[in-house]
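Novice: Same order as they appear, the protein sequences are chains A and B.
Counting with our numbering, you get residues 1 to 103 for the letters of the first sequence.
Counting with our numbering, you get residues 1001 to 1146 for the letters of the second sequence.
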Amino acid sequence: MNIKHPKIIGIVCGAIISAPWILFATIFGEINHTFKDWLAGIFTHHWIGKSVILIFIIIISGFFGLFIKKITVSTLTFWLLVLFWIILIAITAIILFFAAHTF
Amino acid sequence: MQTLLLTHIFIGLCGIVASYIVLMGLLKKEVFLRRVKTAAFFAFLAYLITWITGGGYYLNIYGPIIKPLINKGEYPWAHSFFMETKEHIFLFLPIISFVIWLALISSNEHIIKNDSLRRSIMLLAALSFAISVAVALFGVVVSGAK
């Protein structure tokens, strides 16, 4: 069975790619202040830099999704589950990192 | 500038309610797809507005005024743990809610027929609700620390 709008898989994949980006930018930015300052220098604040690059990842991946013609329900289900787990892992890592950094 | 904070809080709470409606709607035996889709769209819209207003408030008020006060006060961990965690895990919310909305509008009747698909969207909805509640509670802690 195919889903109605197969092009959304690009956005789902973009969301999957963006999770490691947020994790990397958050942790590496705290460890390496040159990276954080570089983001702040270009985008006025490191958080805005992370957000803008995040949106950029979603747009680029969404663009590639435009070329997808057919996606089955099981494929979409699989990638949605991948997204769930990858975000859960990223969030847990961020919470543990700031807890270790603070306490 | 206080308007930014109030908008951020109010719209953020609306987003939590919308996320709750999506989750509960998917948990029901009979899914009212139209209601769930509308709630998913409003959740996405709410987190998008919260993203912009929260960012604006952080840059203009929190960063230059509130943050130094918290760091010099009795509870510096309110910023170093709660605020830092909040501002970074929040970034996942607009993305998850966008994906949930897109998955709902592109799957349509498959959600009713296919349990695996419904479960995967439900897991994302539960995650989005949990993050939104956590972020709101972290905000309460930060507000109490200044």
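Glycine residues also receive a C-beta, built at the ideal position from the N, C-alpha and C atoms.
These figures come from a predicted structure and were not determined experimentally.
1. Ordered along the chain, which non-local residues of its own chain (more than five positions away) have a Cβ less than 6 angstroms from that of Ala76 (chain A)?
2. Could you tell me whether the Cβ atoms of Trp85 (chain A) and Leu54 (chain A) are closer together than 8 angstroms?
3. Assign Met1 (chain A) to one of two classes, buried (16 or more other C-beta atoms within 10 Å of its C-beta) or exposed (fewer than that).
4. For the alpha helix (DSSP H) containing Met1024 (chain B), name the first residue and the last one.
5. How would you write the range of the alpha helix (DSSP H) that Asn2 (chain A) sits in, first residue to last?
6. When you compare only the Cα positions, how much space is there between Arg1034 (chain B) and Trp1101 (chain B)?
7. Quick one: is Phe77 (chain A) near chain B, going by C-beta distance under 8 angstroms?
8. Is Glu1030 (chain B) close to chain A, meaning its C-beta is less than 8 angstroms from at least one C-beta of that chain?
9. Pick out the complete alpha helix (DSSP H) segments inside the stretch 1078–1106 of chain B, 4 residues or longer, and give them in chain order.
10. Just to check my reading of the structure: Phe1042 (chain B) and Ala1078 (chain B) have Cβ atoms closer than 8 angstroms, yes? What is that Cβ distance to the nearest angstrom?
11. On the three-pair Cβ rule with 8 angstroms, is the stretch 13–29 of chain A touching the stretch 1134–1145 of chain B?
12. Going straight from the alpha carbon of Ile17 (chain A) to that of Phe56 (chain A), what length do you get?
13. Measuring CB atoms only, is the stretch 1039–1054 of chain B touching the stretch 1090–1097 of chain B, in the sense that at least three cross pairs come out at less than 8 angstroms?
14. Counting pairs of Cβ atoms below 8 angstroms between the stretch 1003–1013 of chain B and the stretch 1055–1067 of chain B, do you hit three or more?
15. Would you tell me roughly how many angstroms separate the C-alpha atoms of Ala40 (chain A) and Ser1128 (chain B), rounded to the nearest one?
16. If you draw a straight line from the alpha carbon of Ala99 (chain A) to that of Thr1085 (chain B), how long is it in whole angstroms?
Specialist: Let me spell this out:
1. Per the sequence presented here, residue 76 (chain A) reads as Leu, with Ala not at that position. Excluding sequence neighbours, Leu76 (chain A) sits near Ile3.
2. no
3. exposed
4. 1002–1027
5. Looking at the DSSP string, Asn2 (chain A) is not in any alpha helix (DSSP H), and its letter there is neither H nor E.
6. 11 angstroms
7. Residue 77 (chain A) is actually Thr in this sequence, not Phe. Yes, contact with chain B.
8. no
9. 1084–1089
10. Not confirmed; about 30 angstroms, so no contact.
11. no
12. 11 angstroms
13. yes
14. yes
15. 28 angstroms
16. 9 angstroms
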